[in-house]
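Contents: one structure, followed by commentary.
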Amino acid sequence: MTGAVCATHISNWPIAWSEESCLIGAEWQLILSCEHASNKVPDRYGGLFEAVSDLLSSHRAFDIGAAELARRWSNISEAPLVQGRVSRLLIDLNRSSHHPALFSEFSRPLPKTERQKLLKTWHEPYRQQLCGIVQDHLAAGRRVLHLSLHSFAPVLNGVVRMADIGLLYDPRRSMERSFCLGWQRLLRDNGLRVRRNYPYRGVAIGMVTLLRRRFSPSDYIGIELEINQSFPEGKTSDWRKLQHQLIESFERMQTGCGHGSR
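The numbering used here numbers the first residue of the sequence shown as 1129 and each following residue consecutively.
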């Protein structure tokens, strides 16, 4: 696996999530991940996609714009970033090893030995790396706020997605819920259409849900940030503005609880 942590320094931003008060602490560490960062397919498997090569540049192959946002965020914040290096059409790094959609219709017909090789080469190392980073910070006395960055197609199966931003979380975990409520308010103040647990449920199977099972709500906050692909595929100025709004509003949530938005 060639996924890498893209920062060596530790960010000790204070983080706040209470709707009513600022519960800030330098012991919280931001960690970024981008499971669907890449549309790359190793040469060994290129033949699987010869008849559908255009598909590799579509939203089915990767989350358009998510990697760009993740890298910019990591560079600005010095937060660690773990990013996928292979297309989800080959193997989906955001699915469990037993999920029926782990392999696409193109890779599912591969012999079992080849599918096991994909698991060993790409899937397991990615998960081990991200879990290891979280564990290392917890062992060092820091708690973790993990942002998993994704994007969604503006229209899927003829249905228009009515949001610019989606904030996905587990409603049963109070700090995740409070943080997303406050962040939603800040982003809406910027004129953005922001919905919670849309266009997917925050408890759907993925890397964040795996980590929630492993780490307690007091030590780990996991949020999936979903971006409408109309921004990275639209005007460059609008896309850059959205990236700034996301990063700046997140920083405000950490340092000021978003109170200025009320």
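All residues carry an ideal CB built from backbone N, CA and C; glycine is no exception. All of these numbers come straight from a predicted model, not from anything done at the bench.
Checklist entry - Taking all protein chains shown into account, do 16 or more other C-beta atoms lie within 10 angstroms of the C-beta of Leu1353, making it buried, or fewer, making it exposed? => result The residue labelled residue 1353 in the question sits at position 225 within the sequence shown. By the neighbour-count rule (16 or more Cβ atoms within 10 Å), Leu1353 is buried.
**Prompt:** If you draw a straight line from the C-alpha of Phe1231 to the C-alpha of Ala1194, how long is it?
**Reply:** As a first step, residue 1231 is located in the sequence shown; it is residue number 103 there, counting from the start. As a first step, residue 1194 is located in the sequence shown; it is residue number 66 there, counting from the start. Spanning the two alpha carbons is a distance of roughly 21 Å.
Next item on the list: Pull up the DSSP beta-bridge partners for Glu1352, would you.
Entry: As a position in the sequence shown, residue 1352 is number 224, starting the count at 1. Beta bridge pairing from DSSP links Glu1352 with Ser1276, Leu1296.
Requested in this report: Tell me where the beta strand (DSSP E) around Ile1159 begins and ends.
Outcome: Residue mapping note: residue 1159 aligns to position 31 of the sequence shown, counting from 1. Per DSSP, Ile1159 belongs to the beta strand (DSSP E) from 1156-1162.
>> Taking the straight line between their C-alpha atoms, what separation do you get for Ser1149 and Met1381?
In response: For the purposes of this step, residue 1149 is taken as the residue at position 21 of the sequence shown. For the purposes of this step, residue 1381 is taken as the residue at position 253 of the sequence shown. In this predicted model, Ser1149 has a pLDDT of only 39, less than 50, meaning its place in the structure is not dependable enough to derive any value.
Three-state secondary structure (DSSP) of Val1401: In this structure the chain extends from 1129 to 1390, so residue 1401 is not present and cannot be described.
Self-check item: DSSP-derived helix/strand/coil call for Arg1321
Solution: Taking the sequence shown and counting its residues from 1, the one referred to as residue 1321 is at position 193. Three-state DSSP puts Arg1321 in coil, outside helix and strand.
- Could you check where the alpha helix (DSSP H) with Gln1257 kicks off and where it finishes? On the sequence shown, position 129 is the one that residue 1257 refers to. For Gln1257, the uninterrupted alpha helix (DSSP H) run begins and ends at 1252-1267, by DSSP.
Check your understanding: In terms of residues, what are the limits of the alpha helix (DSSP H) holding Lys1217?
Key -> Reading the sequence shown from its first residue, position 89 is the one you call residue 1217. Checking the sequence shown, residue 1217 turns out to be Leu, not Lys. Per DSSP, Leu1217 lies in no alpha helix (DSSP H) and is assigned neither H nor E.
State the beta-bridge partners of Leu1209 as determined by DSSP. One-based indexing of the sequence shown puts residue 1209 at position 81. In the DSSP assignment, Leu1209 is bridged to Leu1160.
### Task
For Val1283, name the three-state secondary structure that DSSP assigns.
Here residue 1283 refers to the residue found at position 155 when the sequence shown is read from its first residue. In the three-state reduction of the DSSP assignment, Val1283 falls in the strand class, which pools E and B.
* To do: Drop a sphere of 10 angstroms on the beta-carbon of Asp1298, count the other beta-carbons inside from all chains shown, and report buried for 16 or more, exposed for fewer.
  => For this step, residue 1298 is matched to residue 170 along the sequence shown. By the neighbour-count rule (16 or more Cβ atoms within 10 Å), Asp1298 is buried.
Practice task
Please state if the CB of Arg1324 and the CB of Leu1392 are separated by a distance shorter than 8 Å.
Solution key: This structure cannot settle anything about residue 1392, because the visible part of the chain is limited to 1129 through 1390.
Practice problem: Find out if the Cβ-Cβ distance for the pair His1274, Ile1349 is shorter than 8 Å. | Solution: Start at 1 with the first residue of the sequence shown, and residue 1274 comes out as number 146. Start at 1 with the first residue of the sequence shown, and residue 1349 comes out as number 221. Pairing His1274 with Ile1349 gives a Cβ-Cβ distance under 8 Å.
Can you find the residues in the same chain that come closer than 8 Å, C-beta to C-beta, to Leu1221, ignoring five residues on each side of it along the sequence? As a working note, residue 1221 is residue 93 in the sequence shown. Cβ neighbours of Leu1221 beyond the five flanking positions: Glu1163, His1164, Gly1212, Val1214, Trp1250, His1251, Tyr1254, Arg1255, Met1335.
*asked:* Here's a check: name, in chain order, each residue in its chain whose Cβ is nearer than 7 Å to the Cβ of Glu1376, leaving out the five neighbours to either side.
replied: The residue labelled residue 1376 in the question sits at position 248 within the sequence shown. Excluding sequence neighbours, Glu1376 sits near nothing in its chain.
If Ile1355 sits next to Ser1279, beta carbons under 8 Å apart, how far is it from one beta carbon to the other, in whole angstroms? Here residue 1355 is taken as the residue at index 227 of the sequence shown, counted from 1. Here residue 1279 is taken as the residue at index 151 of the sequence shown, counted from 1. Indeed they touch by this definition, with Cβ atoms about 4 Å apart.
Original post:
So what does DSSP say about Val1336, is it helix, strand or coil?
Top reply: Here residue 1336 refers to the residue found at position 208 when the sequence shown is read from its first residue. Val1336: helix per DSSP, three-state reduction.
- Query: For Arg1199, which of helix, strand or coil comes out of DSSP?
  - Reply: Taking the first residue of the sequence shown as 1, we reach residue 1199 at position 71. Looking at Arg1199 - three-state DSSP - the assignment turns out to be helix.
Exercise. State the Cα-Cα distance for the pair Phe1378 and Gly1310, rounded to the nearest angstrom.
Key: Position 250 of the sequence shown, counted from the start, is the residue given in the question as residue 1378. Position 182 of the sequence shown, counted from the start, is the residue given in the question as residue 1310. Going by the C-alpha atoms only, they are around 10 Å apart.
So, are the CB atoms of Ile1261 and Ile1333 less than 8 Å apart? Position 133 of the sequence shown, counted from the start, is the residue given in the question as residue 1261. Position 205 of the sequence shown, counted from the start, is the residue given in the question as residue 1333. Using a Cβ distance threshold of 8 Å, Ile1261 and Ile1333 do not count as a contacting pair.
Query raised in the report: Arg1271 bridges to which residues according to DSSP?
Result: Here residue 1271 corresponds to residue number 143 of the sequence shown, with the count starting at 1. Per DSSP, the beta bridge partners of Arg1271 are Trp1156.
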